Each structure stands twice: as C-alpha cells, then as structure tokens.
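Notes to accompany the following structure.
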Amino acid sequence: MADGPLRSNQQPLALHVPEPRSRPGDPVDFSDVVVPAAGSMARPDEAVSPHEMRDLSFGLVRVLDDEHRAVGAWDPRLPHETLLKMLRTMALTRAFDERLYRAQRQGKTSFYMKCTGEEATSVAAAAAMQGDDMVFPSYRQQGILMWRGYALTEMINQIYSNRGDKLKGRQLPIMYSVPELSFFTISGNLATQYPQAVGWAMASAIKGDTRIASCWCGEGSTAEGDFHSAMTFASVYNAPTILNVVNNQWAISSFSGFAGAERTTFAARAIGYGIAGLRVDGNDALAVYAATQWAAERARSNKGPTLIEHFTYRAEGHSTSDDPSAYRSAQESAEWPLGDPIYRLKQHCIALGIWDDERHAAMDLELAEMVKAATKEAEKNGVLGHGMHQPFETMFEDVFEELPWHLQEQMAQALEERAAKWPK
Amino acid sequence: MAEVMQDNATSEAGSDEAATKTMNMIEAINSAMDVMMERDPDVVVMGEDVGYFGGVFRCTAGLQAKYGKTRVFDTPISECGIVGVAVGMGAYGLRPVPEIQFADYIYPGIDQLISEAARLRYRSAGEFIAPITVRSPFGGGIFGGQTHSQSPESLFTHVSGLKTVIPSTPYDAKGLLISAIEDNDPVIFFEPKRIYNGPFTGYYDRPVEPWSKHAASKVPTGHYRIPLGKANIVRAGEALTILAYGTMVHVAKAVVEANGVDAEVIDLRTLLPLDIETIEASVKKTGRCLIIHEATRTSGFGAELSALVQERCFYHLEAPVERVTGFDTPYPHSLEWAYFPGPIRIGRAIAKIMKD
Ligand SMILES: Cc1ncc(C[n+]2csc(CCOP(=O)(O)OP(=O)(O)O)c2C)c(N)n1
Ligand SMILES: [Mg+2]
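Each protein sequence line maps, in turn, to chains A and B. Numbering (this note's numbering) for the first sequence: 26 to 449. Numbering (this note's numbering) for the second sequence: 1110 to 1465.
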C-alpha cells in the first residue's frame, strides 16, 4: 500500500513538512521577516468594514521608530505618566519572572513560565482596556495582573501552592484566578478560553452592559478547534471581544509554520470570518496599546470583534521543563529584528526627556527588592512539598457546591490515612 | 517474572533473541516504534513536538533523523486534527502512530476517536478500518497538577471498538506497543509517565530506583510481541488476588512485600480485551480480590472489574471485592500524595479484605 496507484503520465505527490529557518548551531537569518517602517500603516476609523482593512492583517502596525520616536497615525499620544507606568509594569513583570524562575530552580515549586520579551503584549493591552473589562488569558499574561495591581505575595502563594494560596494549592503554578480584577481562571488546556471570552461578551451584550471581553492564546494554539469556534461565534453575534494571538514564533519546539505561518499571517485568520484583523509589532508597547484601544473602541460601539496578532518572540524557554537549545538556534533571540519591548519603551521615554538610564537602573533594583520581599513574605506560608499545604479536607471542596455522600466518605478516608501516616 | 515474560513473548523468525539492551521505558517505547518503522514502511509517527525535538518525554527521539520528515513529523496543536488525519491515513492504508502529548489533552480528539476511529469497521461492515495506535503519557505522581496527571482510561474502555493498553515495564511496553501497532483495530496506548525512568513504588519519600536495576529493563533490541489481551502474573500468591496496571503494579508489589501478605499480583497489561481467564482462575484460587487504579473511583475501570469478578467468582469469594483508587476529585497539585492511592490506602484495604 505504500506505493499507491502510479499513473505513468502523472507527477507523484509529495508531502510538505514545514521546516524552521534555523536549528541549533545554524546561523540565524531573519531577512525574510518584513518589518515595515514605523508609522507607515494607515489607521482606519474604528467603524470600518473588515473588508476595507485587509492590509492591516498583513502589514505590521508600528509606532516606535529607530530613533525611539512615536510616529504616525497609530501613535496613541499617551500621557507621560501612562508611559512610565507601562515601563515600570513591564520591568516588574520581568523582575518577577527572573526571581520565580530561580525559585523553581531552587526547588521551591514544581513549575514556572516566563513571558520574557512578550511583556508588552499583556501590559500594554491591559493598559488600553478598562480595569473591569473581562480578560481570559493564557498562561503567559502575568503582565495583566501586574498592570491591574494584583498583590505579588498572592501570586507567589499560588506559585508555591502553599497554605496562603487562595486557590487551595490545586492548580499548577501560574494558573491564577482573580475575579476581583476581572481575570478569569487560567486553564492548562489550550485555547479553551477563546469561546468562553466570546460567550462572556455575548452575555454582556445580552444584558446591555458596557464591559467587553478579551482573550489571549499563542500562535500554536490557533490550530485548536476552540479558536475557530470562537471566531465563528464572534463573527455571527458581532460579539464585543478582542481576540489576541501572541505570535512568539514558537510553540514549545514547533515553530509557527506548524500553525500555518508559512502560508499567511495569524491576523489574516480574521478575513475568512469577516471580522477585523490587526497585525502589530508586539515588542512595541505603543503599537500594542494603540491596536487594543482601536479594538476596544470598536467593540464598545457595537461594531464587533477584532483579532489582533502580536508579532513577537519567545526570548526564553517554553517553561522550566524546557530546554530550547535542543531545537532552535541560541542566536535567534539576540538577532530578533524587533528588539526588546522594555528597552524600546525605555529609550522612547529617554528620548522624550522624561527618563534616564540612572533612574531606570534604580527602578530595576527597587523592583528586584520588591519582588524579593514579596517572595520572603510568601515563603512564610511555605513552599511546595514542605508540609505547609492546605488541609486535606480542602481537596474535596469545590468539586460541587455541596459535598455528595461519596466525597464525604472519601474525605473521611483521607483524614484516616493522614492519621495513619502521622499519628498524634 | 522472567518465565512469564518468556511464555507470552512470541519471537519472530530472523530476530536475534539474544541481543538485549538495558532500556528505560522511554527507550523501550522508542525502540518499538523504531523496529516497526524499519519493518513496515506504512508506519508513520506524528504529534506535537515529536519530530525534530523527539517529543517532550523524548519517546520519539532520533526517529525523524532516521526515517525522514514524511514518516515522523510535528503536527499543529490540534488533537482533533491529529486523530482525524490518523484515521484518514489509516483509510488510505498507512499505520499511523499518533502521540497525544498528555492524556489530559486527548479530549479535543475524542469525537474522532469515539465516533469515528472506533466505529469505522462496524459501520462499513469491515470495508474501512482504523489501524491506529494513539500513544499518550498518563497518570500522576510528577506534580503536574490537574492537567498533567489524569488517568482517563475508563472513558475509552467504555467505547465499543477501542482497545486500551497500559504497560508497566520497559519489556512489556515494547512488546505491547509492537502488538498494538500491528493490530488492525484502533488502540489507545497509555504510558504511565511516573515510571518512564524507574519503577515507582508509591513510597514517595524514598529514593527512586532506575529501571536498570530491574529485570524487565533487559529488552530485546529486535522485534517481539506481547499479545494484547494477555495479563501477567507478576507475583504468585494464595491469600488474595490484586488486579492492577501501569504504575500501580509496582506500588501493589511493594506494599504486598512490605506487609508480608501472600498476594497474587496480576498486571492486566490490556484493559480491553481483558484477560478474564487469568483473573477468574486467580480469584477462584484466593477467594479475595482487591482492585487498584490511580484513576478516579466512580465509573472507573475498577467498577467493571469488580462486576466481572462478582459475576464469575461469587461462590468462591470470602470477602467483598475491594477497590483502591484515586479520589473523585480533579488531581490536586500540592496534595498530590494525599490523592495518590499509595501504600497506606492499599495497606488498609488489604487489612480489611483479609479480616473476614
Ligand atoms: C489541548 C492541549 N494540547 C497540548 C497542550 C500542551 N502544550 C502546552 S503549551 C503548548 C504550546 C503552546 O504554544 P503557543 O500556543 O504558541 O503558546 P506559547 O507557549 O508560545 O505562549 C503545548 C503544545 C496543552 N496544554 N493543551
Ligand atoms: Mg507560541
């Protein structure tokens, strides 16, 4: 069966299997990455028909130019204090990632995931939304919590699965849930949050509310059926949703070609569904802000959903369980043509005369100290595997609103087992 | 143990039976795919990160370099797509071996498995078949939280038309995987990830032994089969029959040895088709039966086993059939060991069943 029927006058078929531009040890060449000049994309009115903005699905909205100036129609013209707050929040996100990554290496928890290089895609997006707009993140949007001011110790308690973890030590580290900040509980199953965000937005529309919903997933996750179901529902009901795809080029060891990037952009997925699509420089905080603001305005005025592709780069490993040097060239990160989002925003602030290197260095030190202090505080509640976990009973709570008889029995059994293991 | 393995292994003419290598379970699984790809050009391997990288658990390491990108390839992150295209490739005549990165992520592919793969043969009266083997790491014990720890085997044994296989040693893993790949029906092959590198005894605070210290790590390098539907008596005994599979086989054995009870421990190896003869003979001999699995209790495979034993061995039973299982909650992160059906839970059940 391996050799199918061969008709002598016809060409044999051949299977295409995508291949990334470089593998470990290879020189890196990003010359195929088209980087349009900052300010070169037009900014249509938020009410534009999706069919009149197809260019924006293939171009790249960029605001910060090579001299670190904000240029063009997409410049959101932000107050200085907003710029500095975004800069600080992105730097805090990175400081937090550094410290908690090390905590995992020191055995204080089982797992951690950084968002290094992608900070703008969550911080600037959150900055452009209202604080009570509902977000359905994936696992790499800690920047939203940072922007919305979530207590670092709460985050670390969750990461350590300790006695202070309000999620009762049940979830894998970084799978936060913060309803008071309109932040949905994170799922480990990819893309499931996408249709849920659309559903939340539909509910908001049913009720005549004014809040919109936003969701995030990686480019790899756009292959899941949930992504496409969400797009269909968002399109059919014109749901007030911002659908973010963080295209960081990699999905664990699989490059974006395995999600379709050899054929078209991720923003262009919007076109087939007849919804608005924007492709932005994800390492340009001002571009991310501007695109999100545009999409939020569109959603708020009942003009419908927007798909935003954030073109960025996953600068580090997928997670603490991953070693990217096994599958991609170590040089890629250094040579990424869109630079580092924190460096770029910092240089912009310096160019505006509102910031300088000394203040930045001092801020980095201050943030590192702040994270360290929060870590120490959280450690008082214990770290993973050192006994200071939640009481055994909590394991059985929240399966249902009420405890059925079989879980009551199992809870009693668990307590007896504990007494047998640790008599006293 | 060695004799039992010998009995069940069918060595092929031409294979060099003497050539064995020490392998952990990952290497044995890799070797099974390697041997099958070598022998059968219709075997293809695919899944998330299985190509160049060789899989997040390294089970497919080196296969793409050896057999090329059109026989071993990465896929989009769509479990529905992975299973669906495997069914299509099977319809063409290939013998796909898709990997689902974690059993916890098999659910988007479940429609293709239940409504399609499982029923092609029946609905086409044998005109179309789905000779696919879906491999997937399953089970807990690695602090993976609720999305890297599940044991969903009973969802599949409940479906007519799917076979479900769960190995417990490197030797078994290779022989069973070869049989699964050669099988013309769809097989779900769950790999207990907790014992990929060594046989975990459930005493989580003790050091873990590597497979190399275990007899079942001596794995023939060539082709051999362990037939589907054949259990393995890993410890003969008179007082009690213990039915287990995967990681729990090792936990059961360790507890039995620690407690000094003369239990017969049966590793089911294949849940469906089930080796009912071995089970029935053992329970009729011992008169007592304990079933152990890590999966949640309610509607778990233990319920099926318990019903079968009760139906077939009722007049031989001296005590009610007992089940030791995971609790009916999602798999918790920090309370992993409180959840896991470890030595204490098993020990208490043994004491209870031996009391009467
Ligand atoms: C349904 C499902 N399938 C597979 C996985 C395993 N997995 C976790 S993250 C990941 C890669 C995701 O890549 P991408 O969507 O690009 O997001 P990124 O990690 O790059 O942010 C995979 C395959 C999962 N969590 N859920
Ligand atoms: Mg990605």
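No residue lacks a Cβ here, since even glycine has one placed at the ideal position from N, Cα and C. The structure displayed is predicted, hence computed values, not measured ones.
Check                                                                                                                                                                                  : Outcome
Check the DSSP bridge columns for P416(A) and list the partner residues they point to.                                                                                                 : Paired residue(s): none; P416(A) is not in a bridge.
Would you list, in chain order, the members of the region 1398–1423 of chain B that have their beta-carbon closer than 9 Å to a beta-carbon of chain A?                                : R1406, T1407
Please list the partners that L1381(B) has in chain A, where partner means a Cβ-to-Cβ separation under 9 Å.                                                                            : Those within 9 Å of L1381(B) in chain A number zero; the least Cβ separation is about 25 Å.
With A222(A) and F291(A) assumed to form a contact (beta carbons below 8 Å), what rounded beta-carbon distance in angstroms separates them?                                            : That belief does not hold up - the Cβ atoms of A222(A) and F291(A) are roughly 17 Å apart, past 8 Å.
CB D1183(B) to CB S279(A), shorter than 7 Å?                                                                                                                                           : yes
Going by C-alpha distance, which of F1237(B), S1233(B), K1272(B) is nearest V1243(B)?                                                                                                  : K1272(B)
Quick one: is the Cβ of E269(A) within less than 6 Å of any heavy atom of ligand 1?                                                                                                    : Looking at the sequence provided, one finds Asn at residue 269(A) rather than Glu. No, the beta carbon of N269(A) sits no closer than 6 Å to any heavy atom of ligand 1.
So I231(A) packs on I333(A), CB below 8 Å; how close in whole Å?                                                                                                                       : Wrong, their Cβ atoms sit about 24 Å apart, outside the cutoff.
Beta-carbon of P1207(B) versus every beta-carbon of chain A: anything under 7 Å?                                                                                                       : no
Under a three-way DSSP split, which group does S278(A) fall into?                                                                                                                      : coil
Regarding W319(A) and ligand 2, is the C-beta to nearest heavy atom distance less than 6 Å?                                                                                            : no
Terminal residues of the continuous beta strand (DSSP E) containing D306(A)?                                                                                                           : 301–306
From what residue to what residue does the alpha helix (DSSP H) around R1303(B) run?                                                                                                   : R1303(B) -> no alpha helix (DSSP H), and no H or E assigned at all.
Does any residue of chain A bring its CB to less than 7 Å from the CB of F1187(B)?                                                                                                     : According to the sequence displayed, residue 1187(B) carries Ser and not Phe. Closer than 7 Å to some Cβ of chain A, the Cβ of S1187(B) qualifies, so yes.
Count the other CB atoms, across all protein chains shown, that sit within 10 Å of the CB of A355(A); report buried if there are 16 or more and exposed otherwise.                     : exposed
Along the chain, where does the beta strand (DSSP E) that runs through K1327(B) open and close?                                                                                        : 1327–1329
Around the Cβ of K449(A), are there at least 16 other Cβ atoms within 10 angstroms (buried) or fewer (exposed)?                                                                        : exposed
Can you tell me whether I1186(B) sits near ligand 1, meaning its C-beta is under 6 Å from at least one heavy atom of the ligand?                                                       : yes
Work out the CA separation of T1438(B) and M436(A) for me, nearest whole Å.                                                                                                            : 10 Å
What is the residue span of the alpha helix (DSSP H) that R1232(B) lies within?                                                                                                        : 1229–1232
Against chain B, with Cβ distances strictly below 7 Å, would R195(A) count as a contact?                                                                                               : yes
What residues of chain B sit near Q415(A), judged by a beta carbon separation below 9 Å?                                                                                               : P1441, S1443, L1444
Provide the residue(s) that pair with G1350(B) in DSSP beta bridges, ordered along the chain.                                                                                          : In the sequence on display, residue 1350(B) carries Thr and not Gly. Beta-bridge pairing links T1350(B) to E1373(B), C1398(B).
Could you name the residues of the same chain whose beta carbon sits closer than 7 Å to that of K1130(B), not counting the 5 residues immediately before and after it, in chain order? : V1328, T1330
Tell me the rounded alpha-carbon separation between L1087(B) and M1142(B).                                                                                                             : This structure gives no information on residue 1087(B), because the portion of chain B shown stretches from 1110 to 1465.
With a threshold of 6 Å, establish whether the CB of W275(A) neighbours any heavy atom of ligand 2.                                                                                    : yes
Please report the distance separating the alpha-carbon of D1314(B) from that of I184(A).                                                                                               : 22 Å
Got a sec: does ligand 1 put a non-hydrogen atom nearer than 6 Å to the Cβ of G243(A)?                                                                                                 : yes
Once the 5 residues before and after L1414(B) are set aside, which same chain residues still bring their CB inside 7 Å of it?                                                          : L1352, I1400
Quick one, are the C-beta atoms of L1380(B) and T1256(B) less than 7 Å apart?                                                                                                          : no
With respect to the beta strand (DSSP E) encompassing A238(A), which residues constitute its N-terminal and C-terminal limits?                                                         : 238–243
Mind checking the region 1236–1263 of chain B against chain A and listing, in chain order, the residues whose C-beta falls within less than 9 Å of any C-beta there?                   : I1251, F1252, G1253, G1254, Q1255, T1256, H1257
Is any heavy atom in ligand 3 found nearer than 6 Å to the beta carbon of N308(A)?                                                                                                     : In terms of ligand content, the structure shown lacks ligand 3 and carries ligand 1 and ligand 2 instead.
Please list the residues of the region 1146–1158 of chain B that have a C-beta atom closer than 8 Å to any C-beta atom in chain A, keeping them in chain order.                        : P1150, D1151, E1157, D1158
Does the beta-carbon distance from V1274(B) to F1298(B) come in below 7 Å?                                                                                                             : yes
Only counting the same chain, and skipping five residues up and downstream in sequence, which positions put a Cβ closer than 6 Å to that of A1282(B)?                                  : M1134, A1137, I1138, P1276
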